[in-house]
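J.: Going down the list, the sequences are from chains W and L.
When the count follows my numbering, it moves up by one through the first sequence with no breaks and lands on 262 for the last residue.
When the count follows my numbering, it moves up by one through the second sequence with no breaks and lands on 1262 for the last residue.
A virtual CB, placed ideally from N, CA and C, is assigned to each residue, including glycine.
Questions regarding the structure given below will be posed in turn.
There are 2 protein chains.
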Amino acid sequence: MTAAPETLTPVQARQAFRGGLRVPTSGFSPGFAQANVLALPRELAFDMLLFAQRNPKSCPVLGVLEPGQVSSALLAAGDIRTDVPAYRVYRDGALVAEPDDVVEQWREDLVTFLLGCSFTFEAPLRAAGIPVRHMDLGVNVPMFRTSRRCEPAGALSGPLVVSMRPVPAERVADAVRITSRYPGVHGAPVHVGDPAALGIANLAEPDFGDAVDVPDGWIPVFWACGVTPQAAVMESKPELAISHAPGYMLITDLPDAELQVP
Amino acid sequence: MTAAPETLTPVQARQAFRGGLRVPTSGFSPGFAQANVLALPRELAFDMLLFAQRNPKSCPVLGVLEPGQVSSALLAAGDIRTDVPAYRVYRDGALVAEPDDVVEQWREDLVTFLLGCSFTFEAPLRAAGIPVRHMDLGVNVPMFRTSRRCEPAGALSGPLVVSMRPVPAERVADAVRITSRYPGVHGAPVHVGDPAALGIANLAEPDFGDAVDVPDGWIPVFWACGVTPQAAVMESKPELAISHAPGYMLITDLPDAELQVP
């Protein structure tokens, strides 16, 4: 790839990933929503959609590809089996592969869920002068399993997974206000302050992503995270599940602006 | 029944309906959400939930009862088979009965969807001094099939159904603003003004409910309506579907206040 990530259209970015580029998608195609991906067999599709309906903060549904469908208006001229930079394949709840595409693993009965990603609200946070620490440090956002349980649905259950962003104390209210305008990408925080209240023992040891420090005078703020359904897959052990690799998202054609509510 | 409808708690109202009371629910248990009801066989449950996800203005999901479940936190100590004042039973898309309960018709594989109802936003409209014409006239709200198609999902497709409330021209903006705060009960209007743009030939001949006049200087305003899934049932012809009778809603324990967004 010669072009810079921030100059690629979503179609160009998906083509690059289809061609074999394997990099995290932070910074790609600014202004367009990136999505968490989870494909499950049709027999679990109702349970997953119901899990999302009951846990809308962690699982905000941007779109669903029905069985046999590998493209949609969210990924025009795209192919969900190849257009994500890196995938994870789970069998019976165990991670068995992290391939560049899932053409071999694909089945006609798979239903694909595209869920909103907090990358969308990081831009308006920064535009408001609120530092996004993990971006300033050039690392992935830290994510934690919590002791809080999701509402189960059918065969699916699991813990709430959260992302953590430290925010200067005097900007916490603004961070709440700004992110609450984006319910389609996790919305307002689920918790502000003490990590122990969520069962998080040590902020320096995230379950996914990279550790980020909390400077003096800053407060850890926790948002529901799109990795939550992957945690449900690990716990509920469906025979097959395919997801994106954390941080390696699907870049959609959906403008971030359409996700903002008044 | 000796108690007045507006003094009954949701539990008391459901008990009265279970006991045989068959009346429209407008005015019952003010402050608590009333719900559209649709039960479908398990094999159609994913399609219905996806239909709702793709058509959120007409099908805002308040809750789902899984197969075998006849109660939930939305109807504490309740029974979805008996607690609605009047039901409709559809077989292969045709209305075949309007019973007081559906104990005989019930099946263990039925999944019940509870969808928000615009009754919730009529109270704040009136509180803001915006007249709600059909209430002032003491009739049911007029509802119309439109020429606008819903986004289909699997085996389910159908037209958008709307409710119409005439609003004084100078209050239309306020009506939009107030109802947009209630996305869980259809939210902002889908159309303001000319009925012909929605394929509605004659406001005096609603497809459901009662006709309401549009006084001089008032504008017809159209909101997506929870009868939309019943229209999809009529068109898509599942072997069995059970719904409430229009206007005879389920009274839930959900406070209207929880449905308001900032």
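What separation, rounded to the nearest whole angstrom, lies between the Cα atoms of W:P179 and L:A1197?
T.: Residue 179 of chain W is actually Thr in this sequence, not Pro. Approximately 36 Å between the Cα atoms of the pair.
J.: One question on the structure: do W:G63 and W:S72 come within less than 8 Å of each other, judged by their Cβ atoms?
T.: In this structure, W:G63 places its C-beta atom within 8 Å of the C-beta atom of W:S72.
J.: What in chain W is Cβ-close to L:F1046, meaning under 7 Å?
T.: A45, F46 and L49
J.: Just checking: is the beta-carbon of W:Q53 within a distance shorter than 8 Å of some beta-carbon in chain L?
T.: yes
J.: Cα separation between L:F1119 and L:S1163?
T.: 11 Å
J.: What's the call for L:V1061, buried or exposed, on a 16-neighbour Cβ count within 10 Å?
T.: buried
J.: If you pair each beta-carbon of the stretch 230-242 of chain W with each one of the stretch 1044-1054 of chain L, do three or more pairs fall below 8 Å?
T.: no
J.: Just to confirm the assignment: which complete beta strand (DSSP E) runs, minimum length 3, are found wholly within the stretch 1116-1180 of chain L?
T.: Listed in chain order, they are 1143-1149 and 1159-1168.
J.: W:E98: buried (16+ other C-beta within 10 angstroms of its C-beta) or exposed?
T.: Per the 10 Å Cβ criterion, exposed.
J.: For W:E66, go through chain L and note every residue whose CB falls closer than 8 Å to its CB, in chain order.
T.: L1050, A1153 and G1154
J.: Check the Cβ of W:V61 against every Cβ in chain L and list those closer than 7 Å, keeping chain order.
T.: Q1053
J.: Which full runs of the alpha helix (DSSP H) of 4+ residues lie inside the stretch 17-64 of chain W, going along the chain?
T.: 45-54
J.: Just how far apart, CA to CA, sit L:G1158 and L:M1143?
T.: Distance between the alpha carbons of L:G1158 and L:M1143 is about 15 Å.
J.: Could you compute how far the alpha carbon of L:P1229 sits from the alpha carbon of W:G116?
T.: 26 Å
J.: What first and last residue would you give for the alpha helix (DSSP H) that runs through L:A1232?
T.: T1228 to S1236
J.: For L:V1161, which option in L:W1218, L:T1112 and L:E1151 has the closest C-alpha, if you only look at C-alpha atoms?
T.: Of the listed residues, the one whose Cα sits closest to L:V1161 is L:E1151.
J.: Using only CA atoms, which one of L:R1022, L:A1204, L:A1039 and L:P1005 lies nearest to L:L1114?
T.: L:A1039
J.: Determine the closest residue to W:V265 out of W:E66, W:V233, W:R18 and W:D194, with distance taken between C-alpha atoms.
T.: The requested residue 265 of chain W is not part of the displayed model; chain W covers only 1 to 262.
J.: Could you have a look at W:P246 and say whether DSSP puts it in helix, strand or coil?
T.: coil
J.: Out of curiosity, what's the CA-to-CA distance linking L:D1256 and L:Q1034?
T.: The alpha-carbon atoms of L:D1256 and L:Q1034 are separated by roughly 9 Å.
J.: Whose CA, out of L:P1189, L:H1134 and L:L1008, lies closest to the CA of L:D1210?
T.: L:H1134
J.: Which of the three DSSP states is assigned to W:A4 in this structure?
T.: In the structure shown, W:A4 sits in coil (DSSP, three-state: anything other than H, G, I, E or B).
J.: Assuming contact is defined by CB atoms lying nearer than 8 Å, are L:L1271 and L:V1084 in contact in what I supplied?
T.: Any property of residue 1271 of chain L remains undetermined from this structure, which presents chain L solely from 1001 to 1262.
J.: Who are the Cβ neighbours of W:A155 in its own chain at under 7 Å, not counting the five residues just before and after it?
T.: L44, D47 and S236
J.: Counting only the same chain and skipping the five closest in sequence on each side, list residues whose C-beta sits under 6 Å from that of L:A1077.
T.: none
J.: For L:L1137, does the count of other Cβ atoms within 10 angstroms reach 16, so buried, or fall short, so exposed?
T.: In summary, L:L1137 is exposed, with fewer than 16 beta-carbon neighbours lying within 10 Å of its beta-carbon over all protein chains present.
J.: Just to confirm, is the Cβ distance from W:A188 to W:I219 under 8 Å?
T.: No, they are not a contact pair.
J.: Pick helix, strand or coil for W:D256, following the three-state DSSP scheme.
T.: helix
J.: For L:A1123, tell me which candidate among L:P1246, L:A1224 and L:P1030 has the shortest Cα-Cα distance.
T.: When each option's Cα is compared against that of L:A1123, the closest is L:P1030.
J.: Relative to the C-alpha of L:H1191, which residue among L:D1207, L:A1173 and L:F1208 is closest?
T.: L:A1173
J.: Relative to the alpha-carbon of W:D194, which residue among W:V221, W:Y182 and W:G19 has its alpha-carbon at the smallest distance?
T.: W:V221
J.: Which residue from L:E1066, L:G1199, L:C1059 and L:Q1105 puts its Cα closest to that of L:G1184?
T.: L:C1059
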